[in-house]
Structures are given as C-alpha cells and as structure tokens.
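Below is one structure, written out as structure tokens; the observations come after it.
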Amino acid sequence: MPPEDEFFELGDVVEHKMNTSVFGIVIGFAGSLVYIRVSPSLAVLAFHEWELHRVENDEFHGGGSGDNVIPVDFTKKVRLDKNTKTKGAA
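Numbered per our numbering, the sequence shown spans residues 13 to 102.
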C-alpha cells in the first residue's frame, strides 16, 4: 500500500516507480488496481497502487522556455542551399 499521505484521485498524473518512462493520468480504480491512460500511446494499463507515485506539477517541465524560441516569418521566401545556417532545424 502507498503511504497514508499518498492516495490517487481521478485525473492525477502518476508515474511508475521502477520505469519512469511509464506515466499517465488516473482514469479508474478496481480494488488495489489503478487504471491509467499512459502517454503518449493513450493505451490503458492497470497497476497496483504501490507501483505508482503521484507526479507533482513542478516535476513536469513541458516545452522549452521562451528564450529558446526562434521567431520565423513564414510569409517570406527563403532560399535554402547546402551553406544555409538552419541552427539544426533542417
């Protein structure tokens, strides 16, 4: 069983304790089983509650920060050749 202070509710984001690449959203319960819809495959998997832990919001660092965004004007025509600097984008 999870510690007294760790319980899951529908909609919680959880992660597998031994395989951190398995994470998803709690969508149901059946006894000690917790059903999660895993990301990115959207498959539904069942785990025992002691195999999972809740992921706090600050553990997800979704997309990049604003300082690494390169503005692009798609209305301008740009000629690309082998010497064009693409900064790793092409």
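Where a beta carbon is used, it is the ideal one built from N, C-alpha and C, also for glycine.
### Query
Can you tell me whether G36 is buried or exposed, with buried defined as 16 or more other CB within 10 angstroms of its CB?
By the neighbour-count rule (16 or more Cβ atoms within 10 Å), G36 is buried.
### Query
In chain order, what residues of the same chain have a beta carbon less than 6 Å from the beta carbon of L22, not counting five sequence neighbours either side?
Correct list, in chain order: V38.
#### Entry: Residues bridged to F35 (per DSSP)
E27
### Query
Are V67 and V25 close, meaning C-beta to C-beta below 8 Å?
yes
### Query
Looking at C-alpha atoms only, which residue of H65, V34 and A42 is the closest neighbour of P52?
V34
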